[in-house]
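Residue numbers (our numbering): 789 to 908.
Heads up, the beta-carbon is just placed ideally off N, CA and C, and yes, glycines get one too.
In this text, all values refer to a predicted model and were calculated from it rather than measured experimentally.
Here is the structure we will look at, set down as structure tokens.
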């Protein structure tokens, strides 16, 4: 059975690009907002979440905290364009498994995703 990855990003080009990279190997679900992501997590079985930190309305940190409240023990890799070390360190302290700075190289994304999914 193919592993399922939820990609959450408010930039539709990032969603399309990420799906193109991962779609050959994984089933990829897309969400353009934190609210949409939480809704999908309620209704879908997901093995890994790629979560953008900077989004309008509900940022990635908020989404992550709500996921934890809902006892969703799904590994999360944060995506960040800011490169702000405080954001990244907060995410790791909260329990994120990894992070990736945007724009990322396709092989780096594949490596991080494979690394996390092999640990299951």
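Query, Result
"Going by the beta-carbon positions, is the gap between residue 890 and residue 867 smaller than 7 Å?", "yes"
"Quick one: measure Cβ to Cβ for residue 904 and residue 863, integer angstroms, because I've assumed they're closer than 8 Å.", "5 Å"
"Given that a residue counts as buried once 16 or more other Cβ atoms are within 10 Å of its Cβ, and exposed if not, what is residue 831?", "exposed"
"Among the residues of its own chain, which have a CB less than 7 Å from the CB of residue 854, if the five just before and after it don't count?", "826"
"Give me the Cα-Cα distance between residue 806 and residue 886, rounded to the nearest whole angstrom.", "16 Å"
"Using the Cβ count rule (16 or more neighbours within 10 Å means buried), how would you classify residue 822?", "buried"
"Helix, strand or coil: which one does DSSP assign to residue 889?", "strand"
"Quick one: what does DSSP say residue 854 is sitting in, helix, strand or coil?", "helix"
"Please state if the CB of residue 798 and the CB of residue 820 are separated by a distance shorter than 7 Å.", "yes"
"Taking the runs of the beta strand (DSSP E) that are 3 residues or longer, which of them lie wholly in the region 806-866?", "815-819, 836-840"
"Take residue 861 as the anchor and find which of 849, 829, 841 has the nearest alpha-carbon.", "829"
"Specify the secondary structure class of residue 791 as computed by DSSP and reduced to three states.", "coil"
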